[in-house]
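Visitor: Provided herewith is a single structure, encoded as structure tokens, for subsequent inquiry.
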Amino acid sequence: MEPLTRGSFSSSIGDSAELEGNLTLSDRLKAFKNSHFDPDAYITSKCNHMNEKEIRLLCSQLVELKKASAEEMRKSVYANYSAFIRTSKEISVLEGQLLSLRNLLSSQTTLVHRLAEGVRNDYLSANDDDSVNEDISTFENEELSVSESWLSDFLDNLEVLLAEKRVDEVLAALDQGTSMLEEANGNHTLTPTALFSLQNAISEQRQKLVDQLAETTSQLSTRGAELRSAASALKVLGDGTRAHTLLLSSHHQKLKKNIQSLRSSSTASGAAFTAALSQLVFSTIAQGARDSLAVFGEEPAYSSELVTWAVKETEGFALFLKRLILASTASTGGLRVVTECVQICLGHSSLLEASGLSLSPVLLRLFRPCVEEALCAYIKRIERSSAALAAAEDWLLSYPPSAESSLSSTGLLSHSIASQPKLSISAHRFNSMVQDLLEDVGSLESMKLDGLALEGVLEVFNSYIDLLINALPGSTETEENVQYIIRLAETETQQVALLANASLLADELLPRAALKLLPSSQSNRVDMTPRRASDRQNLLPEHREWKRKLQRLVDRLRDSFCRQHALDLIFTEDGDIRLNGQIYTIMDDSTEEPEWFPSPIFQEFFCKLTRTAVIVTDMFVGRERSATILLMRMTETVILWLSEDQSFWVEIEEGPKPLGPLGLQQFYLDMEFVMLFSSEGRYLSRNLQQVIKNIIERAIDVVAATGIDPYSVLPEDDWFAEVAQIAIKMLIGKANFGNNVERDDTSPTASISASIVSHGSN
Numbered sequence: 001m002e003p004l005t006r007g008s009f010s011s012s013i014g015d016s017a018e019l020e021g022n023l024t025l026s027d028r029l030k031a032f033k034n035s036h037f038d039p040d041a042y043i044t045s046k047c048n049h050m051n052e053k054e055i056r057l058l059c060s061q062l063v064e065l066k067k068a069s070a071e072e073m074r075k076s077v078y079a080n081y082s083a084f085i086r087t088s089k090e091i092s093v094l095e096g097q098l099l100s101l102r103n104l105l106s107s108q109t110t111l112v113h114r115l116a117e118g119v120r121n122d123y124l125s126a127n128d129d130d131s132v133n134e135d136i137s138t139f140e141n142e143e144l145s146v147s148e149s150w151l152s153d154f155l156d157n158l159e160v161l162l163a164e165k166r167v168d169e170v171l172a173a174l175d176q177g178t179s180m181l182e183e184a185n186g187n188h189t190l191t192p193t194a195l196f197s198l199q200n201a202i203s204e205q206r207q208k209l210v211d212q213l214a215e216t217t218s219q220l221s222t223r224g225a226e227l228r229s230a231a232s233a234l235k236v237l238g239d240g241t242r243a244h245t246l247l248l249s250s251h252h253q254k255l256k257k258n259i260q261s262l263r264s265s266s267t268a269s270g271a272a273f274t275a276a277l278s279q280l281v282f283s284t285i286a287q288g289a290r291d292s293l294a295v296f297g298e299e300p301a302y303s304s305e306l307v308t309w310a311v312k313e314t315e316g317f318a319l320f321l322k323r324l325i326l327a328s329t330a331s332t333g334g335l336r337v338v339t340e341c342v343q344i345c346l347g348h349s350s351l352l353e354a355s356g357l358s359l360s361p362v363l364l365r366l367f368r369p370c371v372e373e374a375l376c377a378y379i380k381r382i383e384r385s386s387a388a389l390a391a392a393e394d395w396l397l398s399y400p401p402s403a404e405s406s407l408s409s410t411g412l413l414s415h416s417i418a419s420q421p422k423l424s425i426s427a428h429r430f431n432s433m434v435q436d437l438l439e440d441v442g443s444l445e446s447m448k449l450d451g452l453a454l455e456g457v458l459e460v461f462n463s464y465i466d467l468l469i470n471a472l473p474g475s476t477e478t479e480e481n482v483q484y485i486i487r488l489a490e491t492e493t494q495q496v497a498l499l500a501n502a503s504l505l506a507d508e509l510l511p512r513a514a515l516k517l518l519p520s521s522q523s524n525r526v527d528m529t530p531r532r533a534s535d536r537q538n539l540l541p542e543h544r545e546w547k548r549k550l551q552r553l554v555d556r557l558r559d560s561f562c563r564q565h566a567l568d569l570i571f572t573e574d575g576d577i578r579l580n581g582q583i584y585t586i587m588d589d590s591t592e593e594p595e596w597f598p599s600p601i602f603q604e605f606f607c608k609l610t611r612t613a614v615i616v617t618d619m620f621v622g623r624e625r626s627a628t629i630l631l632m633r634m635t636e637t638v639i640l641w642l643s644e645d646q647s648f649w650v651e652i653e654e655g656p657k658p659l660g661p662l663g664l665q666q667f668y669l670d671m672e673f674v675m676l677f678s679s680e681g682r683y684l685s686r687n688l689q690q691v692i693k694n695i696i697e698r699a700i701d702v703v704a705a706t707g708i709d710p711y712s713v714l715p716e717d718d719w720f721a722e723v724a725q726i727a728i729k730m731l732i733g734k735a736n737f738g739n740n741v742e743r744d745d746t747s748p749t750a751s752i753s754a755s756i757v758s759h760g761s762n
């Protein structure tokens, strides 16, 4: 938790960050340990100059600090439980030894009294006359007769009470016998023999009662008040440690029997069985805690043993549930079932926190491996499921199946349906499964699986991008690592749909799903409407970095798409290069003035980009930036290839027919044509402008190297812009020249224009 040293109250609690860093915790708490500490005065002195916002922030931070302190104290208690219990057991052993020593001393005292009595009797018999001896003998016989009679009645009564299990009366009789024993020792009212007999009788009957109570406590039929009464009686008899252990053991045995009964009678499975089992376990632990508190109070030794017992019972329950349900479910990717079971257990265990038993950390520690295994297996399921659908995918975008069924039943395209994402079949499945994954993981906020879940989604999205790349015709990027057979996207519409899938998932759907992993405290403070979704992501920097990684994966697909289309444009099906230097160098061999028009390959390039622009406009609704980036990258890919193709420049610069004035003019026109339609389409990047400028200058330098002034043979810039503009209008079928221009319908330009119109109508 960050220190409370910000804003105008940087000198509040702890005075400063530097002071907090130098002082120990004990020193910082001295002010609070003072017996005259006044909380109101302290708060007033510290918060006197704070505004309402700062006070609210301080209160929030203090609450968080309280939670952290409680958690730290709980961990400290858990860390010292074993040592505390060991010390308690040693103290119990020592108490038993002291009791034995007391009994031994009592026996020695009785023996001394008997010896003294014997000496007195010998002395009296040796010195008194016969009459005195006769009187003494008569008195002693009468006294012995009375003592033996009382002792006999006492022992008989004690036997009867024990046989009838009248515990309270037995305890009262033992107390009476103990008092009589102490009185006889002090007043010598009993003979040594009677005294010794009484002492042995009390010890024997006490032990019989202890054994009887222990047996009663161990019986499964002993419940409720009877169980607490037996444990309380054992405690009164001085065997409190054993009584507490037997009390908890009784609850453990009952729990085992109830679990066996539940397994044999229940037909439920999964979450339903987990709910019944969890309720049984934690209700038993709660009852054990109540009985312990009622009989033994809050004595540290008993409280410590109670917590240890509760932890042990919880561990046994968690391991049993893992073996019975979670392990097999997790291995098959049943993430939803695993998270539901864990949530149920955590919910029941949290009810015990009010009584001081925090068992959730035990469950989290034992259940986490299962949840992680289920998460990893579910990620593999997403990959396999997406690949299976991609094998028969038509790569056409549609609304989710639920929206389609609603549309077919109502016949209307409602606003809610229109707001649904349009994806291909495999992308819908991918999105649905990822949504479920992040929702399930988000429900287990205390396990802090956010990082693992996001990395898993990133990994499976990377695999899905590989599938999309392999769906491009002629793709070789991941050919060596292909694990699945993918149906190819043969048409331009299908290929753009691949990018639409990836772009929508990376830009909107997956980041929006990741918001389910936000802490509930943050989720409650942020509007859940789509308009605010991007604002919520700003709350967690790791989410922004994760989104950037998703977009880099989309860039890989986009690069493959652009490279594939560039190769289709530049090379023929036989592998020959269409964009070579010869198309420019041979122009100066002609004696006739050429018909100035962009080269056929750049006309086709414009046609391809125009068709693609129409497709992406339809598919990237509301995501114009993604559409613009795609067209920009497609244009850059071709021009960058031209600028870096050594064979092209070697042929122009060093070939048998160097570039001449007409070839330079045509090359200049082609480049201006590219810049013009890119600019009008709003996908002309600065990088593209600079690259075109550089290659034009390089071509001019080639002509200048032949001794010709290139600028004397090149027309003005307006000429290039005018010809390029006319070409664009002709190619899109919007040219209107009146009677000034005669158009030849058999020319290549006319045929290309017609093909563009036909493509646009399709």
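So the sequence shown is numbered by the UniProt record's numbering: it starts at 1 and just counts up by one. Ideal placement from N, C-alpha and C gives every residue a C-beta, glycine not left out.
Applying the 10 Å Cβ sphere with the 16-neighbour rule, what's the burial state of residue 431?
Guide: buried
Visitor: Alpha carbon to alpha carbon, how far is residue 485 from residue 391? Give it in angstroms, no decimals.
Guide: 6 Å
Visitor: If the criterion is Cβ atoms closer than 9 Å, does the pair residue 326 and residue 370 meet it?
Guide: yes
Visitor: In this structure, what does DSSP give as the bridge partners for residue 423?
Guide: 398
Visitor: With distances taken Cα to Cα, identify the nearest neighbour of residue 680 among 582, 221, 725.
Guide: 725
Visitor: Spatial neighbours of residue 345 within its chain, please: C-beta separation below 6 Å, excluding the five flanking residues on both sides.
Guide: A distance below 6 Å between beta-carbons, with the five flanking residues on each side excluded, links residue 345 to the following residues of its chain, in chain order: 278, 363.
Visitor: Contact check, residue 294 vs residue 381 under 8 Å by CB: the rounded distance?
Guide: With a Cβ gap of about 50 Å, residue 294 and residue 381 do not count as contacting.
Visitor: Which residues bound the alpha helix (DSSP H) around residue 503?
Guide: 492 to 504
Visitor: Compare the Cα-Cα distances from residue 657 to each of 559, 700, 674, 587 and report the closest residue.
Guide: Here the closest residue by C-alpha is 587.
Visitor: CA-CA distance, residue 661 and residue 695?
Guide: Going by the C-alpha atoms only, they are around 16 Å apart.
Visitor: Measure how close the beta-carbons of residue 281 and residue 255 come, nearest whole angstrom, since I'm counting them as under 8 Å.
Guide: 7 Å
Visitor: Pop quiz: residue 609 and residue 634 are said to be a contact at Cβ under 8 Å. What is the actual Cβ separation, rounded to whole angstroms?
Guide: Indeed they touch by this definition, with Cβ atoms about 6 Å apart.
Visitor: Going by C-alpha to C-alpha distance, which of 361, 639, 510 sits closest to residue 546?
Guide: Residue 510 holds the alpha-carbon nearest to the alpha-carbon of residue 546 among 361, 639, 510.
Visitor: Using the C-alpha atoms, what's the distance from residue 713 back to residue 727?
Guide: When rounded, the distance between both Cα atoms is 22 Å.
Visitor: Mapping the DSSP letters down to three states, classify residue 583 as helix, strand or coil.
Guide: helix
Visitor: In whole angstroms, give me the CA-to-CA distance for residue 225 and residue 74.
Guide: Here the C-alpha atom of residue 225 lies approximately 31 Å from the C-alpha atom of residue 74.
Visitor: Helix, strand or coil: how does DSSP classify residue 571 here?
Guide: strand
Visitor: According to DSSP, simplified to helix, strand and coil, what is residue 601?
Guide: Reduced to three states, the DSSP call for residue 601 is helix.
Visitor: Nearer than 8 Å: is that true of the beta carbon of residue 56 relative to any heavy atom of the ligand MG?
Guide: Absence of the ligand MG from the depicted structure is noted, as is the absence of any ligand whatsoever, leaving it without description.
Visitor: Would you kindly check if the distance between the Cβ of residue 562 and the Cβ of residue 637 is under 9 Å?
Guide: yes
Visitor: Okay, do the segment 599 to 616 and the segment 565 to 574 touch, 3+ Cβ pairs below 8 Å being the bar?
Guide: yes
Visitor: So, helix, strand or coil for residue 469, using DSSP?
Guide: helix
Visitor: For residue 310, count neighbouring Cβ atoms within 10 angstroms of its own Cβ and tell me buried if that reaches 16, exposed if not.
Guide: buried
Visitor: Do residue 343 and residue 444 have their C-beta atoms within less than 9 Å of each other?
Guide: Yes. Within cutoff.
Visitor: Tell me the residue span of the alpha helix (DSSP H) that contains residue 378.
Guide: 360 to 390
Visitor: Work out the CA separation of residue 515 and residue 6 for me, nearest whole Å.
Guide: With a pLDDT of 39 at residue 6, under the threshold of 50, the predicted position of this residue should be treated as unreliable, though the coordinate-derived value follows. If I take the Cα positions, the gap works out to 28 Å.
Visitor: I think residue 234 touches residue 242, with their Cβ atoms under 8 Å apart; what is that distance to the nearest whole Å?
Guide: 6 Å
Visitor: Classify residue 284: buried if its beta carbon has 16 or more other beta carbons within 10 angstroms, exposed otherwise.
Guide: buried
Visitor: When the distance is taken between beta carbons, is residue 374 closer than 9 Å to residue 438?
Guide: No, these two residues do not count as a Cβ contact at 9 Å.
Visitor: Which whole-angstrom value describes the C-beta separation of residue 465 and residue 305, a residue pair presumed to lie in contact below a C-beta threshold of 8 Å?
Guide: Rounded, the Cβ-Cβ distance is 57 Å, inconsistent with contact.
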